[in-house]
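Position 222 of the sequence shown, counting from 1, maps to 222 under full-length UniProt numbering, and the rest follow consecutively.
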Amino acid sequence: MFHHEYPWIVSASDDQTIRIWNWQSRTCICVLTGHNHYVMCAIFHPSEDLLVSASLDSTVRVWDISGLRKKNVAPGPAGLEEHLKNPGATDLFGQADAVVKHVLEGHDRGVNWATFHPTLPLIVSGADDRQIKLWRMNDSKAWEVDTCRGHYNNVSCVLFHPRQELILSNSEDKSIRVWDMTKRTCLHTFRREHERFWVMTSHPNLNLFAAGHDTGMVIFKLERERPAYTVHGNLLYYVKERFLRKLDFTTSKDVPVIQIRGGGKVPVFRMSFNPAENAVLLSTRTSNLDNSTYDLYNIPKEQERDDHVPEAESRRSSGLTALWVARNRFAVLDRTHQLVIKNLKNEVTKKCRLLHVMKFSMLVLECCCYVILSMLHYLMFSKKNAGPR
1 MFHHEYPWIV SASDDQTIRI WNWQSRTCIC VLTGHNHYVM CAIFHPSEDL LVSASLDSTV
61 RVWDISGLRK KNVAPGPAGL EEHLKNPGAT DLFGQADAVV KHVLEGHDRG VNWATFHPTL
121 PLIVSGADDR QIKLWRMNDS KAWEVDTCRG HYNNVSCVLF HPRQELILSN SEDKSIRVWD
181 MTKRTCLHTF RREHERFWVM TSHPNLNLFA AGHDTGMVIF KLERERPAYT VHGNLLYYVK
241 ERFLRKLDFT TSKDVPVIQI RGGGKVPVFR MSFNPAENAV LLSTRTSNLD NSTYDLYNIP
301 KEQERDDHVP EAESRRSSGL TALWVARNRF AVLDRTHQLV IKNLKNEVTK KCRLLHVMKF
361 SMLVLECCCY VILSMLHYLM FSKKNAGPR
């Protein structure tokens, strides 16, 4: 792990020590002792003179390394330059390079990983007791806040989402889990059949995560970044921020068509356009699938002013996804795994229970239903356009 400011890296070892190195001079500048079993990880704080370590002695330790900084980096603008010239300079008053600030005890077995929150005084840890613990700290003490349970084998790695109130973890149970940091509940679980997970990290700027397993690694995203869109003739309809917009390929004119209900706070992940009725279905999804909804909008023929688009009225109902299957009918996959056929007034006209796919995961179920709906959509509209032979 690299330091955010100085040319330092930190290493953790089975010799029960933590070492801080100057990667430019290739020298060890500090050895931290205190753990009495293998040290599994050590990580610098993103902004403060702190370091956190996790060990198979079942503890997490927070170290104050301000003495090391004062010893190795002279004050003033030339501090870093002076440090590079003389990395072995000693403190006149013999201040300790690093001291234990907090010892966090609460795990029943060895701790494999611990890391700081990027902005809050929080630490998250994962251990062989299959638990993920959230800790809070201040200048004088640190204490356990809560425990997340759900993994059924050793927790290998944990981290805070850099920009959302989420915790990610992976485990030897061959899964990656996403947790709500506030409610301490599991939101999503992603599994592999044969590979155990060992390590995980987040990209500093992009919506990317990487996880290492027995036979390689996976790179993944938690949120969809591509906007929901549909193409009809020379027109592209797409969602951007709180607007449904229309791009004319022939004139390159890009204008807002309607303002989405609720200001677009919940991202739209799927769109279905009905050219016959000039209507659109926008499906939204939250971290809790039971709260997923769709909105039925009628698109106005012409927009009077591009600079002022009022919030449009819609017919909203719950549902995982919605798709047009006829000129005046659309299908919805609801929370009970039923295909519900509705009319333009958003009234139910028919229900069809999907008995044969109930055993599949939600992702597989939705994909199967979306393929079925897409085929119905194609058949209905192609039949209408073909006319009699």
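Heads up, the beta-carbon is just placed ideally off N, CA and C, and yes, glycines get one too.
{"Asked": "Member of Tyr38, Asn22 and Ser53 whose CA lies at the smallest distance from the CA of His45", "Found": "Ser53"}
{"Asked": "Beta-bridge partners of Pro121, as assigned by DSSP", "Found": "For Pro121, which the question treats as bridged, DSSP gives no partner whatsoever."}
{"Asked": "Contact set for Arg285: own chain, Cβ-Cβ below 8 Å, skip 5 residues either direction", "Found": "Val266, Pro267, Phe269, Ser292 and Leu320"}
{"Asked": "Assigned exposure category for Glu48 - 16 Cβ within 10 Å defines buried", "Found": "exposed"}
{"Asked": "Integer Cβ distance of Leu323 from Phe330, believed to fall under 8 Å", "Found": "6 Å"}
{"Asked": "Local Cβ density within 10 Å of Cys148, reported as buried at 16 or more and exposed below that", "Found": "buried"}
{"Asked": "When Val73, His102 and Trp113 are compared against Ala42, the one with the closest alpha-carbon", "Found": "Trp113"}
{"Asked": "Strand pairing of Asp295, partner residues [DSSP]", "Found": "Leu282 and Arg316"}
{"Asked": "Residue burial classification, Asp97 (beta-carbon count within 10 angstroms, cutoff 16)", "Found": "buried"}
{"Asked": "Among Val103, Val218 and Thr119, the one whose alpha carbon lies nearest that of Lys141", "Found": "Val103"}
{"Asked": "Opening and closing residue of the alpha helix (DSSP H) in which Leu68 lies", "Found": "Ser66 to Asn72"}
{"Asked": "DSSP three-state assignment for Arg261, whether helix, strand or coil", "Found": "helix"}
{"Asked": "Extent of the continuous beta strand (DSSP E) to which His194 belongs", "Found": "First-last for His194: undefined, no H or E at that position."}
{"Asked": "Counterpart residues of Gly212 in DSSP-defined beta bridges", "Found": "Val199 and Met217"}
{"Asked": "Neighbourhood of Ser169 by C-beta distance below 6 Å, restricted to the same chain and skipping five residues each side", "Found": "Gly126, Ile132, Val155, Val158 and Arg177"}
{"Asked": "Contact belief for Ile18 with Ala12 at Cβ below 8 Å, rounded distance in angstroms", "Found": "5 Å"}
{"Asked": "Distance CB(Leu247)-CB(Tyr297) smaller than 9 Å", "Found": "no"}
{"Asked": "8 Å contact criterion, which Asn153 and Arg184 should meet: CB distance rounded", "Found": "With a Cβ gap of about 20 Å, Asn153 and Arg184 do not count as contacting."}
{"Asked": "Counted within 10 angstroms of its Cβ, other Cβ atoms place Asn234 as buried (16 or more) or exposed", "Found": "exposed"}
{"Asked": "Asp254 versus Met40: straight-line alpha-carbon distance, rounded", "Found": "54 Å"}
{"Asked": "For Asp254, the three-state DSSP class (helix, strand or coil)", "Found": "strand"}
{"Asked": "For Gly262, the nearest candidate out of Arg316, Pro256 and Val99 (CA to CA)", "Found": "Arg316"}
{"Asked": "Cβ shell of Val124 (< 8 Å), same chain only, five flanking positions each side left out", "Found": "Ala114, Thr115, His117, Ile132, Lys133, Leu134, Trp135, Val158, Leu159, Phe160 and Ile167"}
{"Asked": "Environment of Phe209 [buried if 16+ CB atoms lie within 10 Å]", "Found": "buried"}
{"Asked": "Where Asp248 falls: helix, strand or coil (DSSP)", "Found": "strand"}
{"Asked": "Start-end ranges of the alpha helix (DSSP H) lying completely within the UniProt repeat \"WD\" (1–31), minimum 4 residues", "Found": "none"}
{"Asked": "Thr59 burial status per 10 Å Cβ neighbour count (16 or more: buried)", "Found": "buried"}
{"Asked": "DSSP state of Asp290 mapped onto helix, strand, coil", "Found": "helix"}
{"Asked": "Rounded separation between Met181 and Cys28 - CA only", "Found": "37 Å"}
{"Asked": "Cβ neighbour criterion (16 or more within 10 Å) applied to Val332", "Found": "buried"}
{"Asked": "Simplified DSSP assignment, three categories, for residue 395", "Found": "Residue 395 lies beyond the range of the chain shown here (1 to 389); nothing can be said about it."}
{"Asked": "Sequence-distant residues of the same chain with beta carbon closer than 6 Å to Asn278, five excluded per side", "Found": "Ile299"}
{"Asked": "Length of the line joining the Cα atoms of Lys70 and Ile9", "Found": "17 Å"}
{"Asked": "Exposure label - Cys352; buried when at least 16 CB within 10 Å", "Found": "exposed"}
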